[in-house]
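Trainee: Okay, here's the structure, questions in a sec.
Numbering (our numbering), first residue to last: 3 to 389.
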(Lines of atoms letter the chains of each structure in order from A and count residues from 1; the text may use other names and numbers.)
(Lines give C-alpha, C1' and ligand atoms only; values in the text may rest on other atoms or scores of the structure.)
Protein backbone atom coordinates (compact mmCIF):
# COMPACT_ATOMS: atom_id res chain seq x y z
CA UNK A 1 0.00 0.00 0.00
CA UNK A 2 2.80 2.41 0.95
CA UNK A 3 4.51 1.71 -2.35
CA UNK A 4 1.24 2.34 -4.24
CA UNK A 5 0.67 5.67 -2.47
CA UNK A 6 4.29 6.67 -3.08
CA UNK A 7 3.86 5.80 -6.75
CA UNK A 8 0.65 7.86 -7.04
CA UNK A 9 2.16 10.83 -5.19
CA UNK A 10 5.25 10.63 -7.35
CA UNK A 11 3.15 10.53 -10.51
CA UNK A 12 1.05 13.50 -9.38
CA UNK A 13 4.17 15.43 -8.38
CA UNK A 14 5.75 14.61 -11.71
CA UNK A 15 2.63 15.80 -13.54
CA UNK A 16 2.62 19.16 -11.75
CA UNK A 17 6.38 19.60 -12.14
CA UNK A 18 6.03 19.03 -15.89
CA UNK A 19 3.09 21.46 -16.03
CA UNK A 20 5.08 24.01 -14.05
CA UNK A 21 8.01 23.66 -16.43
CA UNK A 22 5.65 23.88 -19.41
CA UNK A 23 4.04 27.07 -18.06
CA UNK A 24 7.48 28.47 -17.21
CA UNK A 25 8.66 27.80 -20.74
CA UNK A 26 5.58 29.52 -22.17
CA UNK A 27 6.05 32.53 -19.88
CA UNK A 28 9.72 32.77 -20.86
CA UNK A 29 8.80 32.51 -24.54
CA UNK A 30 6.13 35.17 -24.07
CA UNK A 31 8.64 37.52 -22.42
CA UNK A 32 11.12 36.94 -25.24
CA UNK A 33 8.36 37.71 -27.75
CA UNK A 34 7.48 40.93 -25.92
CA UNK A 35 11.14 41.99 -25.80
CA UNK A 36 11.41 41.28 -29.52
CA UNK A 37 8.28 43.34 -30.16
CA UNK A 38 9.55 46.23 -28.03
CA UNK A 39 12.76 46.21 -30.04
CA UNK A 40 10.82 46.26 -33.31
CA UNK A 41 8.58 49.06 -32.08
CA UNK A 42 11.72 51.05 -31.29
CA UNK A 43 12.94 50.26 -34.79
CA UNK A 44 9.76 51.68 -36.28
CA UNK A 45 11.23 55.13 -35.61
CA UNK A 46 13.16 54.79 -38.85
CA UNK A 47 9.83 54.25 -40.59
CA UNK A 48 8.41 57.26 -38.74
CA UNK A 49 11.06 59.51 -40.25
CA UNK A 50 10.37 58.30 -43.79
CA UNK A 51 6.63 58.79 -43.34
CA UNK A 52 6.93 62.13 -41.49
CA UNK A 53 5.18 60.63 -38.46
CA UNK A 54 5.99 60.77 -34.74
CA UNK A 55 4.98 57.83 -32.52
CA UNK A 56 3.62 59.28 -29.28
CA UNK A 57 2.88 56.02 -27.45
CA UNK A 58 2.60 52.30 -28.26
CA UNK A 59 0.92 49.36 -26.58
CA UNK A 60 3.08 46.25 -26.23
CA UNK A 61 1.64 44.39 -27.96
CA UNK A 62 -1.65 46.31 -27.57
CA UNK A 63 -3.44 48.60 -25.12
CA UNK A 64 -5.62 47.37 -22.29
CA UNK A 65 -8.72 49.22 -23.48
CA UNK A 66 -10.49 49.01 -20.13
CA UNK A 67 -7.79 50.50 -17.92
CA UNK A 68 -5.09 52.11 -20.06
CA UNK A 69 -6.84 54.60 -22.37
CA UNK A 70 -8.93 57.47 -21.02
CA UNK A 71 -10.38 60.17 -23.27
CA UNK A 72 -12.26 63.00 -21.55
CA UNK A 73 -13.79 66.28 -22.64
CA UNK A 74 -11.78 69.30 -21.43
CA UNK A 75 -14.87 71.53 -21.85
CA UNK A 76 -12.69 73.84 -23.96
CA UNK A 77 -13.78 75.12 -27.35
CA UNK A 78 -12.33 77.11 -30.22
CA UNK A 79 -14.30 78.41 -33.20
CA UNK A 80 -13.63 80.84 -36.04
CA UNK A 81 -16.64 82.51 -37.62
CA UNK A 82 -17.40 82.69 -41.34
CA UNK A 83 -16.79 86.20 -42.76
CA UNK A 84 -20.03 88.14 -42.39
CA UNK A 85 -19.76 89.76 -45.81
CA UNK A 86 -19.52 86.33 -47.50
CA UNK A 87 -22.38 84.51 -45.78
CA UNK A 88 -24.89 85.70 -48.38
CA UNK A 89 -22.74 84.09 -51.10
CA UNK A 90 -23.43 80.60 -49.75
CA UNK A 91 -26.08 78.73 -51.74
CA UNK A 92 -27.01 76.45 -48.82
CA UNK A 93 -27.85 76.68 -45.14
CA UNK A 94 -24.71 76.19 -43.01
CA UNK A 95 -24.31 77.00 -39.32
CA UNK A 96 -21.17 78.67 -37.96
CA UNK A 97 -20.03 79.82 -34.52
CA UNK A 98 -18.88 83.28 -33.50
CA UNK A 99 -15.18 83.69 -32.71
CA UNK A 100 -14.22 82.10 -29.40
CA UNK A 101 -10.91 80.80 -28.05
CA UNK A 102 -9.95 78.39 -25.28
CA UNK A 103 -10.21 81.14 -22.63
CA UNK A 104 -13.73 82.11 -23.67
CA UNK A 105 -12.61 85.36 -25.30
CA UNK A 106 -12.95 86.31 -28.96
CA UNK A 107 -9.60 87.99 -29.62
CA UNK A 108 -7.45 84.80 -29.69
CA UNK A 109 -4.75 86.50 -27.58
CA UNK A 110 -4.44 83.40 -25.38
CA UNK A 111 -3.32 81.18 -28.25
CA UNK A 112 -1.01 83.91 -29.58
CA UNK A 113 0.75 83.88 -26.19
CA UNK A 114 0.70 80.09 -25.87
CA UNK A 115 2.09 79.32 -29.33
CA UNK A 116 4.42 82.31 -29.57
CA UNK A 117 3.12 82.95 -33.10
CA UNK A 118 2.88 86.74 -32.97
CA UNK A 119 1.01 87.14 -36.26
CA UNK A 120 -1.47 84.32 -35.55
CA UNK A 121 -4.54 86.62 -35.55
CA UNK A 122 -3.44 88.01 -38.91
CA UNK A 123 -3.04 84.46 -40.23
CA UNK A 124 -6.47 83.48 -38.90
CA UNK A 125 -8.11 86.36 -40.76
CA UNK A 126 -6.17 85.66 -43.94
CA UNK A 127 -7.11 81.99 -44.09
CA UNK A 128 -10.62 82.59 -42.76
CA UNK A 129 -11.34 84.30 -46.07
CA UNK A 130 -9.52 81.72 -48.16
CA UNK A 131 -11.39 78.77 -46.62
CA UNK A 132 -14.66 80.72 -46.85
CA UNK A 133 -14.15 80.91 -50.62
CA UNK A 134 -13.68 77.13 -50.69
CA UNK A 135 -17.00 76.71 -48.87
CA UNK A 136 -18.73 79.08 -51.27
CA UNK A 137 -17.32 77.21 -54.28
CA UNK A 138 -17.58 73.73 -52.69
CA UNK A 139 -13.88 73.08 -53.21
CA UNK A 140 -11.32 70.97 -51.30
CA UNK A 141 -13.98 69.02 -49.44
CA UNK A 142 -15.67 72.15 -48.07
CA UNK A 143 -19.33 71.16 -48.39
CA UNK A 144 -20.64 71.02 -44.81
CA UNK A 145 -19.62 72.38 -41.41
CA UNK A 146 -19.96 69.68 -38.77
CA UNK A 147 -18.85 69.63 -35.14
CA UNK A 148 -15.66 67.74 -34.36
CA UNK A 149 -13.09 67.05 -31.64
CA UNK A 150 -9.52 68.24 -31.40
CA UNK A 151 -6.89 67.10 -28.90
CA UNK A 152 -6.39 69.58 -26.07
CA UNK A 153 -3.80 67.47 -24.22
CA UNK A 154 -2.27 64.01 -24.30
CA UNK A 155 -0.21 62.41 -21.50
CA UNK A 156 1.74 59.21 -22.12
CA UNK A 157 4.21 58.92 -19.22
CA UNK A 158 2.15 56.84 -16.77
CA UNK A 159 2.55 53.06 -16.45
CA UNK A 160 0.37 50.35 -14.90
CA UNK A 161 1.19 47.10 -13.06
CA UNK A 162 4.24 44.88 -13.02
CA UNK A 163 4.33 44.77 -16.80
CA UNK A 164 4.40 48.60 -16.85
CA UNK A 165 1.62 48.80 -19.40
CA UNK A 166 1.58 52.27 -21.02
CA UNK A 167 -1.32 54.55 -20.10
CA UNK A 168 -2.73 57.30 -22.33
CA UNK A 169 -4.77 60.14 -20.82
CA UNK A 170 -6.22 62.40 -23.48
CA UNK A 171 -8.50 65.44 -23.31
CA UNK A 172 -10.49 66.78 -26.23
CA UNK A 173 -11.73 70.22 -27.22
CA UNK A 174 -14.68 71.03 -29.46
CA UNK A 175 -14.43 72.83 -32.77
CA UNK A 176 -15.94 72.64 -36.25
CA UNK A 177 -14.82 71.74 -39.74
CA UNK A 178 -14.51 75.37 -40.89
CA UNK A 179 -12.13 76.14 -38.01
CA UNK A 180 -10.26 72.89 -38.64
CA UNK A 181 -9.63 73.80 -42.28
CA UNK A 182 -8.36 77.26 -41.31
CA UNK A 183 -5.78 75.88 -38.89
CA UNK A 184 -4.66 73.31 -41.49
CA UNK A 185 -4.00 76.15 -43.95
CA UNK A 186 -2.14 78.19 -41.33
CA UNK A 187 -0.05 75.12 -40.48
CA UNK A 188 0.92 74.62 -44.14
CA UNK A 189 2.04 78.23 -44.38
CA UNK A 190 4.09 77.98 -41.18
CA UNK A 191 5.78 74.78 -42.36
CA UNK A 192 6.63 76.40 -45.70
CA UNK A 193 8.49 79.08 -43.71
CA UNK A 194 10.33 76.49 -41.57
CA UNK A 195 8.55 77.54 -38.37
CA UNK A 196 9.38 75.61 -35.17
CA UNK A 197 6.00 73.86 -35.35
CA UNK A 198 7.45 71.76 -38.18
CA UNK A 199 10.09 70.39 -35.77
CA UNK A 200 7.68 69.03 -33.12
CA UNK A 201 8.70 65.49 -32.22
CA UNK A 202 7.30 64.68 -28.77
CA UNK A 203 4.24 65.08 -26.54
CA UNK A 204 5.72 68.00 -24.58
CA UNK A 205 6.27 70.12 -27.69
CA UNK A 206 2.88 69.08 -29.02
CA UNK A 207 1.07 70.74 -26.10
CA UNK A 208 2.28 74.20 -27.06
CA UNK A 209 0.57 73.96 -30.44
CA UNK A 210 -2.57 72.08 -29.36
CA UNK A 211 -4.83 74.57 -31.16
CA UNK A 212 -3.58 73.01 -34.42
CA UNK A 213 -4.56 69.48 -33.27
CA UNK A 214 -8.10 69.80 -34.59
CA UNK A 215 -8.55 66.08 -35.33
CA UNK A 216 -8.38 62.71 -33.61
CA UNK A 217 -8.60 60.00 -36.25
CA UNK A 218 -8.80 56.22 -35.99
CA UNK A 219 -7.03 54.21 -38.70
CA UNK A 220 -8.11 50.57 -38.80
CA UNK A 221 -7.16 47.33 -40.52
CA UNK A 222 -9.85 44.64 -40.76
CA UNK A 223 -8.64 41.03 -40.71
CA UNK A 224 -10.90 38.63 -42.62
CA UNK A 225 -11.01 35.32 -44.45
CA UNK A 226 -11.08 35.65 -48.24
CA UNK A 227 -10.31 33.67 -51.38
CA UNK A 228 -6.66 34.47 -50.65
CA UNK A 229 -6.93 32.92 -47.17
CA UNK A 230 -6.23 35.04 -44.10
CA UNK A 231 -6.34 38.63 -45.39
CA UNK A 232 -6.28 42.35 -44.65
CA UNK A 233 -9.00 44.59 -46.07
CA UNK A 234 -7.64 47.73 -47.73
CA UNK A 235 -9.29 50.51 -49.73
CA UNK A 236 -8.64 52.96 -52.49
CA UNK A 237 -9.92 56.35 -51.41
CA UNK A 238 -12.17 58.28 -53.76
CA UNK A 239 -10.98 61.49 -55.39
CA UNK A 240 -14.06 63.05 -53.75
CA UNK A 241 -12.60 62.51 -50.26
CA UNK A 242 -11.66 65.67 -48.37
CA UNK A 243 -7.85 65.30 -48.29
CA UNK A 244 -7.20 63.71 -51.69
CA UNK A 245 -6.66 66.79 -53.85
CA UNK A 246 -8.52 65.08 -56.68
CA UNK A 247 -6.37 61.92 -56.57
CA UNK A 248 -7.21 58.34 -55.59
CA UNK A 249 -4.85 57.08 -52.88
CA UNK A 250 -4.60 53.74 -51.13
CA UNK A 251 -5.68 53.59 -47.51
CA UNK A 252 -6.48 51.34 -44.58
CA UNK A 253 -9.80 49.51 -44.20
CA UNK A 254 -11.29 52.69 -42.77
CA UNK A 255 -10.36 56.07 -41.32
CA UNK A 256 -12.78 57.77 -38.95
CA UNK A 257 -12.63 60.99 -36.98
CA UNK A 258 -13.71 60.77 -33.34
CA UNK A 259 -16.63 63.13 -32.82
CA UNK A 260 -19.42 64.18 -30.45
CA UNK A 261 -21.31 61.05 -31.55
CA UNK A 262 -18.79 59.05 -29.52
CA UNK A 263 -19.23 61.10 -26.32
CA UNK A 264 -20.87 59.60 -23.21
CA UNK A 265 -22.38 62.59 -21.39
CA UNK A 266 -23.13 60.61 -18.22
CA UNK A 267 -19.46 59.73 -17.71
CA UNK A 268 -17.79 62.69 -19.48
CA UNK A 269 -15.72 60.27 -21.54
CA UNK A 270 -15.21 59.80 -25.26
CA UNK A 271 -15.37 56.18 -26.41
CA UNK A 272 -12.69 55.08 -28.85
CA UNK A 273 -14.51 51.78 -29.34
CA UNK A 274 -17.72 53.56 -30.34
CA UNK A 275 -15.75 55.57 -32.91
CA UNK A 276 -14.14 52.42 -34.32
CA UNK A 277 -17.49 50.65 -34.64
CA UNK A 278 -19.02 53.72 -36.29
CA UNK A 279 -16.14 53.92 -38.77
CA UNK A 280 -16.54 50.26 -39.70
CA UNK A 281 -20.25 50.66 -40.35
CA UNK A 282 -20.28 54.08 -42.02
CA UNK A 283 -17.28 53.56 -44.31
CA UNK A 284 -17.41 49.88 -45.32
CA UNK A 285 -20.80 48.76 -43.99
CA UNK A 286 -19.65 46.22 -41.38
CA UNK A 287 -22.12 45.97 -38.48
CA UNK A 288 -21.18 44.58 -35.07
CA UNK A 289 -23.87 41.93 -34.83
CA UNK A 290 -22.86 38.70 -36.52
CA UNK A 291 -19.56 40.05 -37.85
CA UNK A 292 -17.21 40.57 -34.90
CA UNK A 293 -16.95 40.86 -31.14
CA UNK A 294 -15.77 43.95 -29.29
CA UNK A 295 -13.12 41.67 -27.75
CA UNK A 296 -11.57 41.39 -31.23
CA UNK A 297 -10.81 45.12 -31.42
CA UNK A 298 -7.16 45.91 -30.67
CA UNK A 299 -5.63 49.39 -30.33
CA UNK A 300 -1.88 49.77 -30.87
CA UNK A 301 -0.43 53.28 -31.24
CA UNK A 302 -1.04 57.00 -30.85
CA UNK A 303 0.89 59.06 -33.39
CA UNK A 304 1.28 62.53 -34.88
CA UNK A 305 0.99 62.79 -38.66
CA UNK A 306 3.15 65.84 -39.34
CA UNK A 307 1.92 66.44 -42.89
CA UNK A 308 -1.41 67.61 -41.47
CA UNK A 309 -0.45 67.98 -37.78
CA UNK A 310 -3.14 65.49 -36.77
CA UNK A 311 -3.16 62.88 -34.02
CA UNK A 312 -4.08 59.37 -35.10
CA UNK A 313 -4.72 55.96 -33.55
CA UNK A 314 -3.88 52.58 -35.09
CA UNK A 315 -6.08 49.54 -34.54
CA UNK A 316 -7.24 46.23 -35.99
CA UNK A 317 -10.52 44.32 -35.97
CA UNK A 318 -10.68 40.57 -36.56
CA UNK A 319 -13.94 39.39 -38.13
CA UNK A 320 -15.58 36.11 -37.14
CA UNK A 321 -14.23 32.93 -38.75
CA UNK A 322 -17.48 32.33 -40.65
CA UNK A 323 -17.29 35.73 -42.36
CA UNK A 324 -15.87 35.72 -45.89
CA UNK A 325 -14.83 38.94 -47.67
CA UNK A 326 -16.25 38.15 -51.11
CA UNK A 327 -19.53 36.78 -49.78
CA UNK A 328 -20.24 38.93 -46.71
CA UNK A 329 -18.24 42.19 -46.88
CA UNK A 330 -17.27 43.41 -50.34
CA UNK A 331 -20.70 44.61 -51.47
CA UNK A 332 -22.10 45.84 -48.15
CA UNK A 333 -23.83 49.23 -48.46
CA UNK A 334 -22.38 52.01 -46.30
CA UNK A 335 -23.27 55.63 -45.58
CA UNK A 336 -19.93 57.13 -46.70
CA UNK A 337 -18.81 54.41 -49.12
CA UNK A 338 -19.73 56.12 -52.40
CA UNK A 339 -18.21 59.42 -51.29
CA UNK A 340 -15.07 58.16 -49.55
CA UNK A 341 -14.13 54.88 -51.26
CA UNK A 342 -13.63 53.94 -54.91
CA UNK A 343 -12.42 50.37 -54.29
CA UNK A 344 -12.36 47.83 -51.47
CA UNK A 345 -10.05 44.81 -51.78
CA UNK A 346 -7.87 42.40 -49.82
CA UNK A 347 -4.22 41.47 -49.65
CA UNK A 348 -2.98 38.23 -48.17
CA UNK A 349 -2.15 38.41 -44.47
CA UNK A 350 1.49 37.46 -44.91
CA UNK A 351 4.78 39.24 -44.43
CA UNK A 352 5.68 38.79 -48.10
CA UNK A 353 2.37 40.16 -49.38
CA UNK A 354 2.33 43.15 -47.03
CA UNK A 355 5.92 44.06 -47.85
CA UNK A 356 5.24 43.80 -51.60
CA UNK A 357 2.11 45.98 -51.37
CA UNK A 358 3.88 48.70 -49.39
CA UNK A 359 6.80 48.72 -51.81
CA UNK A 360 4.67 48.78 -54.96
CA UNK A 361 2.29 51.47 -53.65
CA UNK A 362 4.75 53.61 -51.70
CA UNK A 363 4.12 56.66 -53.90
CA UNK A 364 0.32 56.40 -53.81
CA UNK A 365 -0.52 55.57 -50.21
CA UNK A 366 -1.21 57.89 -47.29
CA UNK A 367 1.59 58.11 -44.72
CA UNK A 368 -0.88 57.29 -41.93
CA UNK A 369 -2.06 54.22 -43.86
CA UNK A 370 1.46 52.89 -44.47
CA UNK A 371 2.21 53.51 -40.78
CA UNK A 372 -0.93 51.63 -39.70
CA UNK A 373 -0.16 48.66 -41.94
CA UNK A 374 3.37 48.55 -40.49
CA UNK A 375 1.91 48.79 -36.98
CA UNK A 376 -0.41 45.81 -37.48
CA UNK A 377 2.19 43.79 -39.38
CA UNK A 378 4.87 44.22 -36.71
CA UNK A 379 2.54 42.67 -34.16
CA UNK A 380 1.26 40.03 -36.58
CA UNK A 381 4.72 38.81 -37.61
CA UNK A 382 6.68 39.47 -34.41
CA UNK A 383 8.52 36.16 -34.78
CA UNK A 384 9.77 37.14 -38.23
CA UNK A 385 12.11 39.87 -39.38
CA UNK A 386 9.73 42.44 -40.88
CA UNK A 387 11.82 45.59 -40.55
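Even for Gly, the Cβ is constructed at its ideal location relative to N, Cα and C.
Around the Cβ of residue 257, are there at least 16 other Cβ atoms within 10 angstroms (buried) or fewer (exposed)?
Mentor: Residue mapping note: residue 257 aligns to position 255 of the chain shown, counting from 1. Classification for residue 257: buried.
Trainee: Please classify residue 276: does DSSP put it in a helix, a strand, or coil?
Mentor: Position 274 of the chain shown, counted from the start, is the residue given in the question as residue 276. Note: residue 276 maps to helix in three-state DSSP.
Trainee: To the nearest angstrom, report how far apart residue 203 and residue 56 are at their CA atoms.
Mentor: Position 201 of the chain shown, counting from 1, holds the residue named residue 203. Position 54 of the chain shown, counting from 1, holds the residue named residue 56. Computed Cα separation, rounded: 6 angstroms.
Trainee: What does the Cβ neighbour count give for residue 277, buried or exposed, with the cut at 16 atoms within 10 Å?
Mentor: Numbered from its first residue, the chain shown carries residue 277 at position 275. So residue 277 counts as buried.
Trainee: Ordered along the chain, which non-local residues of its own chain (more than five positions away) have a Cβ less than 6 angstroms from that of residue 237?
Mentor: In the chain shown, the residue the question calls residue 237 occupies position 235. Taken in chain order, the residues that qualify are 253, 343, 346.
Trainee: What is the residue span of the beta strand (DSSP E) that residue 175 lies within?
Mentor: As a first step, residue 175 must be located in the chain shown, where it is residue number 173. Where residue 175 is concerned, the enclosing beta strand (DSSP E) stretches over 170–178.
Trainee: With three or more C-beta pairs closer than 8 angstroms as the rule, is the segment 90–101 touching the segment 189–196?
Mentor: No, the segment 189–196 is not in contact with the segment 90–101.
Trainee: Among the candidates 215, 121, 114, 302, whose CA atom is the shortest distance from the CA of residue 179?
Mentor: Along the chain shown, read from residue 1 onward, the residue named residue 179 stands at position 177. Comparing Cα-Cα distances from residue 179 to each of 215, 121, 114, 302, the minimum goes to 215.
Trainee: Using a Cβ-Cβ cut-off of 7 angstroms (strictly less than) and excluding sequence neighbours within five positions of residue 148, which residues of its own chain qualify?
Mentor: By 1-based counting over the chain shown, the position of residue 148 is 146. Only 178, 179 meet the Cβ criterion.
Trainee: Given that a residue counts as buried once 16 or more other Cβ atoms are within 10 Å of its Cβ, and exposed if not, what is residue 382?
Mentor: In the chain shown, residue 382 corresponds to position 380, counting from 1. Residue 382 comes out buried.
Trainee: Which residues does DSSP list as the beta-bridge partners of residue 227?
Mentor: Indexing the chain shown from 1 puts residue 227 at position 225. Per DSSP, 232, 326.
Trainee: When DSSP labels each residue in this structure, what does residue 304 get in the three-state scheme?
Mentor: Your numbering for residue 304 matches position 302 in the chain shown. Of the three classes helix, strand and coil, the one that applies to residue 304 here is strand, per DSSP.
Trainee: For residue 347, which beta-bridge partners are listed by DSSP?
Mentor: Position 345 of the chain shown, counted from the start, is the residue given in the question as residue 347. Its beta-bridge partners are 236.
Trainee: Report the rounded CA-to-CA distance for residue 223 versus residue 378, giving the unit in angstroms.
Mentor: One-based indexing of the chain shown puts residue 223 at position 221. One-based indexing of the chain shown puts residue 378 at position 376. Residue 223 and residue 378: Cα-Cα distance of roughly 8 angstroms.
Trainee: When DSSP builds the beta bridges, which residues end up paired with residue 221?
Mentor: As a first step, residue 221 must be located in the chain shown, where it is residue number 219. DSSP lists 257, 316 as partners of residue 221.
Trainee: For residue 114, write down the residues that DSSP places opposite it in a beta bridge.
Mentor: Residue numbering aside, residue 114 sits at position 112 when the chain shown is read from its first letter. Paired residues: none, contrary to the question.
Trainee: Is it a yes or a no for the segment 304–324 touching the segment 354–365, going by three-plus beta-carbon pairs under 8 angstroms?
Mentor: Not touching, per the Cβ criterion.
Trainee: How is residue 383 classed by DSSP in three states: helix, strand or coil?
Mentor: As a first step, residue 383 is located in the chain shown; it is residue number 381 there, counting from the start. In this structure, residue 383 counts as coil in the three-state DSSP scheme.
Trainee: Beta carbon of residue 113, beta carbon of residue 122: below 9 angstroms?
Mentor: Locating residue 113 in the chain shown gives position 111, counting from the first residue. Locating residue 122 in the chain shown gives position 120, counting from the first residue. Contact: yes.
Trainee: Relative to the C-alpha of residue 131, which residue among 172, 104, 220, 86 is closest?
Mentor: Here residue 131 refers to the residue found at position 129 of the chain shown. Comparing Cα positions, the closest option is 86.
Trainee: Inspect the CB distances between the segment 279–289 and the segment 334–341 and report whether three or more fall short of 8 angstroms.
Mentor: Contact between the segment 279–289 and the segment 334–341 is present, because at least three Cβ pairs lie under 8 angstroms.
Trainee: Here's a check: name, in chain order, each residue in its chain whose Cβ is nearer than 7 angstroms to the Cβ of residue 296, leaving out the five neighbours to either side.
Mentor: Start at 1 with the first residue of the chain shown, and residue 296 comes out as number 294. The residues are 275.
Trainee: Sort 97, 350, 83 by Cα distance to residue 108 and report the nearest one.
Mentor: By one-based count along the chain shown, residue 108 stands at place 106. Per the Cα distances, 83.
Trainee: Hey, could you find the ends of the beta strand (DSSP E) residue 74 is sitting in?
Mentor: The residue you call residue 74 lines up with position 72 of the chain shown. Unbroken beta strand (DSSP E) run through residue 74: 71–79.
Trainee: Is the CB-CB distance between residue 69 and residue 161 below 9 angstroms?
Mentor: As a position in the chain shown, residue 69 is number 67, starting the count at 1. As a position in the chain shown, residue 161 is number 159, starting the count at 1. No, the Cβ-Cβ distance between residue 69 and residue 161 is not below 9 angstroms.
Trainee: Within the same chain, show all residues whose beta-carbon is closer than 8 angstroms to that of residue 67, passing over the 5 residues directly before and after it, in chain order.
Mentor: Taking the chain shown and counting its residues from 1, the one referred to as residue 67 is at position 65. Correct list, in chain order: 274, 275, 299, 301.
Trainee: Looking only at its own chain, which residues have a Cβ that is under 8 angstroms from the Cβ of residue 228, when we skip the five neighbours before and after it?
Mentor: Locating residue 228 in the chain shown gives position 226, where the first residue counts as 1. For residue 228, where only same-chain residues beyond five positions count, the Cβ hits under 8 angstroms are 326, 327, 328, 348.
Trainee: Excluding sequence positions up to five away, which residues of its chain have a Cβ less than 7 angstroms from the Cβ of residue 167?
Mentor: Here residue 167 is taken as the residue at index 165 of the chain shown, counted from 1. Counting only Cβ-Cβ distances below 7 angstroms, and skipping sequence neighbours, we find 66, 70, 161.
Trainee: Helix, strand or coil: which one does DSSP assign to residue 213?
Mentor: The sequence position of residue 213 within the chain shown is 211, counting from 1. Helix at residue 213.
Trainee: For residue 80 versus residue 260, is the C-beta distance shorter than 9 angstroms?
Mentor: As a working mapping, residue 80 is identified with position 78 in the chain shown. As a working mapping, residue 260 is identified with position 258 in the chain shown. It is not a contact, given that the beta carbons lie outside the stated cut-off.
Trainee: Give the C-beta separation of residue 155 and residue 173 to the nearest angstrom, bearing in mind that I take them to be a contact with Cβ-Cβ under 8 angstroms.
Mentor: Start at 1 with the first residue of the chain shown, and residue 155 comes out as number 153. Start at 1 with the first residue of the chain shown, and residue 173 comes out as number 171. Indeed, because the Cβ distance is near 5 angstroms, the residues count as touching under 8 angstroms.
Trainee: Just reading off the beta strand (DSSP E) that residue 126 is part of, what are its end residues?
Mentor: Numbered from 1 along the chain shown, position 124 holds the residue referred to as residue 126. No beta strand (DSSP E) holds residue 126; the alpha helix (DSSP H) holding it covers 122–139.
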